[in-house]
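So in the working numbering, spot 49 of the sequence shown is number 307, and the numbers just go up one at a time.
Backbone N, C-alpha and C fix where the C-beta goes; we use that ideal spot for every residue, glycine too.
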Amino acid sequence: MLHVAPDDSASVARAASRVAEIAPQLIGIACSHAAVPVKTYRWVGNVILRALSSRPHLTTGGYFATFNADRLLKDWPELDSVVIGEGEGPAVALADRLRGRRPVDNVPGLRTRLGAFCPHPPLKSLDALPFPHRLYDGELEFPRLAAISTSRGCMAHCTFCNVPVWTRNHGGWRGRSASSVGWEVRALVDAGVRRLWIVDSSFEDPLPNGWKRMRELAGAIAGSFSAPTFYVFMRAETVADSTFEEILPDLVASGLRRVFVGAESSHDTLLHKMRKRAGTSSVRRAVNVLRQYGVALRVGFILFTPKATFETLRADVRFLAELSALHLTGDLCTRLELYVGAAEIARVRALGLLTGDPYADPFAYRFEDPRVGRLACRMGAVRDRPDLSDSWEALHDLELMLSGANHDSRVREIPDVAQACDELHHGCAQWKALMSEMNLEMFERACRWAEDEEPDIAFDEIERAWFDGGLTQVSEVARIEARAFAAYALSRGIDVRF
Numbered sequence: 259m260l261h262v263a264p265d266d267s268a269s270v271a272r273a274a275s276r277v278a279e280i281a282p283q284l285i286g287i288a289c290s291h292a293a294v295p296v297k298t299y300r301w302v303g304n305v306i307l308r309a310l311s312s313r314p315h316l317t318t319g320g321y322f323a324t325f326n327a328d329r330l331l332k333d334w335p336e337l338d339s340v341v342i343g344e345g346e347g348p349a350v351a352l353a354d355r356l357r358g359r360r361p362v363d364n365v366p367g368l369r370t371r372l373g374a375f376c377p378h379p380p381l382k383s384l385d386a387l388p389f390p391h392r393l394y395d396g397e398l399e400f401p402r403l404a405a406i407s408t409s410r411g412c413m414a415h416c417t418f419c420n421v422p423v424w425t426r427n428h429g430g431w432r433g434r435s436a437s438s439v440g441w442e443v444r445a446l447v448d449a450g451v452r453r454l455w456i457v458d459s460s461f462e463d464p465l466p467n468g469w470k471r472m473r474e475l476a477g478a479i480a481g482s483f484s485a486p487t488f489y490v491f492m493r494a495e496t497v498a499d500s501t502f503e504e505i506l507p508d509l510v511a512s513g514l515r516r517v518f519v520g521a522e523s524s525h526d527t528l529l530h531k532m533r534k535r536a537g538t539s540s541v542r543r544a545v546n547v548l549r550q551y552g553v554a555l556r557v558g559f560i561l562f563t564p565k566a567t568f569e570t571l572r573a574d575v576r577f578l579a580e581l582s583a584l585h586l587t588g589d590l591c592t593r594l595e596l597y598v599g600a601a602e603i604a605r606v607r608a609l610g611l612l613t614g615d616p617y618a619d620p621f622a623y624r625f626e627d628p629r630v631g632r633l634a635c636r637m638g639a640v641r642d643r644p645d646l647s648d649s650w651e652a653l654h655d656l657e658l659m660l661s662g663a664n665h666d667s668r669v670r671e672i673p674d675v676a677q678a679c680d681e682l683h684h685g686c687a688q689w690k691a692l693m694s695e696m697n698l699e700m701f702e703r704a705c706r707w708a709e710d711e712e713p714d715i716a717f718d719e720i721e722r723a724w725f726d727g728g729l730t731q732v733s734e735v736a737r738i739e740a741r742a743f744a745a746y747a748l749s750r751g752i753d754v755r756f
C-alpha cells in the first residue's frame with residue numbers, strides 16, 4: 259500500500275519509481291472520492307504504467323468505484339477491472355488468476371468488460387485480514403503518520419453521504435477486535451509511526467455497544483510501547499452524550515488528540531432534512547466538551563447548499579464564529595458535493611435543481627438563488643488555488659501540535675519548554691481571533707458583492723485584500739512559530755511534531 263497525492267506530480271513520479279522497483283503483475287488504485295476527477299485517476303495510473311517494462315493488470319475500488327464501475331470502465335481505457343464492494347476477496351482471487359495466467363472474468367466481486375458479474379460475499383470477520391503492507395515515501399526520515407481502520411461501514415443515515423448505502427449493500431457495519439487493533443498498532447510503532455489517523459467513518463459505532471468498544475480500543479492503543487497519538491471522526495450527538503464525557507479521559511490518556519465533528523449547518527430544519535441526528539445544541543455541547551478536555555477540534559461544515567440564501571449563509575458564519583471555528587478559512591468555501599449512491603441526489607432532483615450527472619461533476623446542480631451560486635463558484639475557485647493550500651491548515655496544524663504538547667507530561671517537567679508552549683498558546687489564540695475577524699469581514703464583503711451583482715473584477719479585489727491583506731501572513735507566522743517550537747522541544751528531547 260503506497261500513499262500518493264494525486265495533485266502532486268512529484269509524489270506521483272516517486273510512486274511510479276517505487277512501483278517500477280517491484281515490477282508487479284497487479285496494481286490497484288483506490289478510487290473512493292468524487293472530488294478527484296476520473297481524468298486525474300487515469301493520469302496517475304498512466305504515469306505508473308509508463309514506468310513499467312511490462313503491462314500489469316490495473317484495477318480500482320472504493321466507494322466511488324463501487325457506485326460507478328461501468329462508467330469507469332468506459333471512460334478509463336487502461337483500466338482492466340473494478341472491484342465492487344469489499345476488495346480483499348476479489349483482489350486475492352484476481353491475483354491468483356493472474357499468477358496462474360488464467361482468465362480474470364467471472365471473479366466474484368470484480369467487474370470487467372467481459373463476463374457476467376457476481377457479487378463476493380461480505381467478510382464475516384475483519385480480524386481474519388492480514389495487516390496492510392505499507393510502502394513509505396523514501397524522502398521521509400521515518401513514517402510518522404499511518405492511516406488505520408478499526409471498523410468498516412457507518413450506522414448513520416446522512417443523505418449527503420453514500421457510505422450508509424454502501425454499508426447496507428455490502429455486509430453492514432463490522433468492527434475489528436481491540437486485540438487485533440492493538441497488535442497492528444504495536445507493529446506500526448515498531449516501524450517508527452507516532453501518529454495514527456483512524457479512518458473509520460465514525461469511531462463510536464455500533465452504539466450502544468460502542469461505548470464499551472471505545473474503551474477497549476483506547477486500552478489497546480495505550481498498551482503499545484511508546485503509544486502513538488490518534489485522530490478520529492465522530493458524530494456530534496455522540497460527543498455531546500454524557501456517557502462519552504465519562505470515557506473521554508480514558509481516550510485522552512490513550513492518545514486521542516483530535517476529533518472531526520460534522521456540524522454541517524446552523525439550521526436544525528436543514529439538519530433534519532439531511533437526516534442528521536444532532537441538532538445545533540448537540541454541536542455546541544460537543545465542541546465545549548472537547549475543548550474542556552484539551553482535544554483539538556475540526557468542525558465539518560457544508561456552507562453552500564442548493565437552497566442557501568444570504569440570510570442562511572450569514573447565520574452559518576455567525577455559528578462558526580460562535581464555535582470559535584471561523585479561523586478555518588476553508589469552511590467558508592465548502593459546497594455540497596453530490597456522491598453517486600447518496601440520497602441527496604434524489605432530494606436535489608425533486609427540488610428541480612439537478613443540472614447534470616454527479617458522476618462527472620459532484621456540483622451538477624444549480625442554486626435556487628443564482629447570486630448565491632455565483633458566490634459559491636468564486637469561493638470554490640479560491641479554495642482550489644494551489645498557492646494557498648498550506649494557508650488553509652496552518653493554524654489547525656498548530657492547534658494539533660499544541661493539543662499533543664498539552665498532554666505530554668514531559669513538556670511541563672521542563673520549565674523553559676513549558677513557558678515556550680504557553681507563549682505559543684497565547685499567540686495561537688491571538689492569531690485565531692485575527693483570522694476570524696478577517697474572515698468575517700471579507701465574507702460579508704463577498705456576500706454584498708454577490709447580492710449587488712457587481713462585476714467579477716470587484717471580487718478579484720476582495721480576494722486580494724483577503725489574502726494579501728493579512729490571512730497569508732498570519733498563516734505563515736503561525737507555521738514559522740510552530741516549527742521553531744517543535745525544533746526547540748526536540749532539542750530538549752521532546753517530540754511534539756504530528
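In terms of alpha-carbon separation, which member of the options lies closest to residue i?
i	options	result
residue 551	511, 334, 684 and 442	511
residue 211	424, 605, 286 and 440	The chain is shown from 259 up to 756; residue 211 falls before or after that span and cannot be answered.
residue 430	438, 437, 436 and 415	415
residue 674	749, 640 and 710	749
residue 679	705, 755 and 472	755
residue 375	390, 340, 392 and 389	340
residue 739	659, 490 and 408	659
residue 372	298, 290, 735 and 338	338
residue 467	427, 713 and 433	433
residue 732	402, 438, 694 and 465	694
residue 588	639, 324 and 688	639
residue 242	532, 546 and 464	There is simply no residue 242 to check, as the chain begins at 259 and stops at 756 in what is shown.
residue 331	361, 356, 300 and 470	300
residue 426	410, 439 and 357	410
residue 711	358, 628, 541 and 701	628
Please report the straight-line C-alpha distance between residue i and residue j, rounded to a whole angstrom.
i	j	result
residue 520	residue 313	43 angstroms
residue 586	residue 537	21 angstroms
residue 558	residue 522	6 angstroms
residue 596	residue 603	6 angstroms
residue 350	residue 699	55 angstroms
residue 445	residue 404	11 angstroms
residue 310	residue 277	8 angstroms
residue 322	residue 268	25 angstroms
residue 662	residue 692	23 angstroms
residue 726	residue 333	41 angstroms
residue 398	residue 266	Its pLDDT being 42, under 50, residue 398 is placed unreliably in this model, and the coordinates cannot settle the point.
residue 400	residue 450	Low local confidence applies: a pLDDT of 44 at residue 400 is under 50, so the model's placement there is unreliable, and no value is given.
residue 396	residue 273	In this prediction, residue 396 has a pLDDT of 48, which is less than 50 and means its spatial position is unreliable; nothing more can be read from the coordinates.
residue 294	residue 303	13 angstroms
residue 561	residue 583	13 angstroms
residue 505	residue 377	40 angstroms
residue 308	residue 298	15 angstroms
Is residue i a contact residue of the ligand FAD, with contact defined as CB to any heavy atom under 7 angstroms?
i	result
residue 608	With respect to small molecules bound, the structure shown includes none, and the ligand FAD cannot be examined in it.
Taking a contact to mean a Cβ-Cβ separation below 8 angstroms, would you say residue i touches residue j in this structure?
i	j	result
residue 707	residue 716	yes
residue 563	residue 594	yes
residue 319	residue 347	no
residue 496	residue 513	no
residue 316	residue 344	no
residue 326	residue 617	yes
residue 423	residue 600	yes
residue 623	residue 606	yes
residue 535	residue 498	no
residue 476	residue 526	no
residue 478	residue 439	yes
By DSSP's criteria, residue i is part of a beta bridge. Which residues make up the other side?
i	result
residue 286	317
residue 612	623
residue 331	Bridge partners of residue 331: none, in fact.
residue 454	404 and 488
residue 516	489 and 554
residue 340	318 and 369
Q: Quick one: which unbroken beta strand (DSSP E) runs of 3-plus residues sit fully inside the stretch 371 to 439? Chain order, please.
A: Look at the stretch 371 to 439 and you find these whole runs of beta strand (DSSP E), each 3 residues long or longer: 403 to 406.
Q | alpha helix (DSSP H) segments (min. 4 residues) lying fully within the stretch 645 to 699 | A | 647 to 664 and 667 to 671, all fully within the stretch 645 to 699.
Q) Curious, which full-length alpha helix (DSSP H) runs of at least 4 residues does the stretch 521 to 607 contain? A) Whole alpha helix (DSSP H) segments, 4+ residues: 526 to 531, 538 to 550 and 568 to 580.
**Q.** alpha helix (DSSP H) runs wholly inside the stretch 457 to 507, at least 4 long, in chain order
**A.** With a minimum length of 4 residues, the continuous alpha helix (DSSP H) runs that stay inside the stretch 457 to 507 are 468 to 480 and 494 to 497.
Q: Please list the segments of the alpha helix (DSSP H) lying wholly inside the stretch 343 to 367, counting only runs of 4 or more residues, in order along the chain.
A: The alpha helix (DSSP H) runs lying completely inside the stretch 343 to 367 and spanning 4 residues or more are 346 to 357, given in chain order.
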